[in-house]
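Quick note: to get my numbering, add 69 to the position in the sequence shown (first position is 1).
The C-beta atom is built at its ideal place from N, Cα and C for all residues, glycine as well.
Small disclaimer: the values here were computed from a predicted structure and weren't measured.
Notes to accompany the following structure.
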Amino acid sequence: MSHRFITTATALALTVLLAGCHSVKVLVPPNLRAPTEDSADALKAAKQQLQQASPCCSSFADFSYSSMLPWQPQKFTLGSGSMVANLNGTHSYFLAFRLPAGVKLPYRVALKSELNGRWLHASYLFAPTVVLLDDGFQPIHTDDIELCEHMGWSDETTGAFGSAKIDSDKARYLLVYSSAAQQSGKTYWEQSPASASNTTTAATLQMNSAGSFSIPHGPDGTLWVGMMNKTYAKAIDNAICKKAPKGDGLLNDLRTALPLPWIKSDGTTSTSDASSKDSSSHASGSPQ
């Protein structure tokens, strides 16, 4: 084997290896690739699909309340194939439940909406409205649920959380849908990649721009509904509902929380401190 042949073969092998390394750098896993779909187009298509669906119900008495409210949050998927209601002129997917009897009042119903989409800036949320009904299917209370973001250590504790309070002994049924105001609203979302341990969630967040977002509400999505449990209660208590107000700094907060006895609120030295220093000078024999 000639020296020239060996040199040529070596050069060819290096070229192939370098080309392979270059191609590896170009390849990006599917879950990290930029979204090809336009979020506005996806949301528009979902709204059109809802508007074109034939409603089954237009009054509270039309719904079937045969399903008992789950004893803990349960996952429901609302969208294509789900029944549609027409309430107050607004089409919406819905869930209807019979409330459990004999439960001590008041109690809370937990709700959690998941991001509809892999990418934060290309996602939307199903924002629920709850209606409490009596045994004659008459509304007792209606509430557009405020959703608050919580990024937990698992999928169970990550999402947009909310809750509804049941405090009337006349309440027999619960209807969950999305009002016109909810469907046109938004939810504040503070991006915190470092707080996410779930691989998929963390990877998704890290591939987006830094900062906070307002996630638009949409007509469909995944919703968890059920009796409040400790996991959801803790997530709700620690959830972020809006941007925190700007403070005056850590030192000022510490001074307010733990005021020093010789510092007055205006930052000047107190009289008692001055007297203490004066007495100390006398005791040491310092000239006046």
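- Distance check between N185 and each of R177, A196 and A179 places A196 closest, using alpha-carbon atoms only.
- Within the DSSP bridge table, the entry for L147 names G290 as partners.
- Counting only the Cα atoms, L292 lies some 10 Å from A179.
- For K234, the enclosing beta strand (DSSP E) starts and ends at G228 to I235.
- The Cβ atoms of A122 and L244 lie no closer than 7 Å to each other.
- The stretch 122–184 is shown to contain whole beta strand (DSSP E) runs of 3 or more residues at 143–147, 153–156, 159–162, 164–167 and 176–182, in chain order.
- A buried status is given to H160, since no fewer than 16 other beta-carbon atoms sit within 10 Å of its beta-carbon.
- In the structure shown, D110 falls within a helical segment according to DSSP collapsed to helix, strand and coil.
- When the Cα atoms are used, G205 and D238 turn out to be separated by approximately 14 Å.
- Your pair K181 and P142 checks out as a contact, with CB atoms roughly 6 Å apart and the cut at 8 Å.
- For I309, no alpha helix (DSSP H) encloses it, and the DSSP letter there is neither H nor E.
- DSSP, reduced to helix, strand and coil, places E215 outside both helices and strands of the structure shown, so it counts as coil.
- With respect to the 7 Å criterion, Q251 and T198 are classified as neighbours on the basis of their beta carbons.
- DSSP places W258 in the uninterrupted beta strand (DSSP E) bounded by K255 to E259.
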